[in-house]
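These notes concern the structure reproduced below.
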């Protein structure tokens, strides 16, 4: 089960940054809490979304992205595997 805390959000942000993605918090009118810009490794997170929306949106992106495991340490790899196996409850 994925906990909806600031610590989890920070772990996911670090995982994305280690995987070569840039994470930005900006004002947005998109309906989800985050989006991946096409043909780039930039993820824009709606800064006005609540914590739950941010965590769930980033978790969904992490489940879909192909991140090179060679860039990650053991803890990050385990966290990513756990995340990909966890079914998100909305």
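In the numbering used here, the protein residues as written are 1 to 90. A virtual CB, placed ideally from N, CA and C, is assigned to each residue, including glycine.
Is it true that the CB of residue 23 sits closer than 7 Å to the CB of residue 10? The residue labelled residue 10 in the question sits at position 10 within the chain shown. The residue labelled residue 23 in the question sits at position 23 within the chain shown. No, they are not a contact pair.
For residue 63, which three-state DSSP category applies? Taking the first residue of the chain shown as 1, we reach residue 63 at position 63. If DSSP states are grouped into helix, strand and coil, residue 63 belongs with the helices.
Hey, residue 55 and residue 8: beta-carbon distance below 7 Å or not? The count along the chain shown starts at 1 and reaches residue 55 at position 55. The count along the chain shown starts at 1 and reaches residue 8 at position 8. In this structure, the beta-carbon distance from residue 55 to residue 8 falls below 7 Å.
Cβ-Cβ distance between residue 52 and residue 15 below 7 Å: Here residue 52 refers to the residue found at position 52 when the chain shown is read from its first residue. Here residue 15 refers to the residue found at position 15 when the chain shown is read from its first residue. In this structure, residue 15 does not lie closer than 7 Å to residue 52 by Cβ.
Quick one: grab the DSSP three-state call for residue 11. What you label residue 11 is simply residue 11 of the chain shown in a count that begins at 1. Residue 11: helix per DSSP, three-state reduction.
Where do the N-terminal and C-terminal ends of the beta strand (DSSP E) with residue 22 fall, by residue? In the chain shown, residue 22 corresponds to position 22, counting from 1. Taken as a continuous stretch (DSSP letters only), the beta strand (DSSP E) holding residue 22 covers 22-26.
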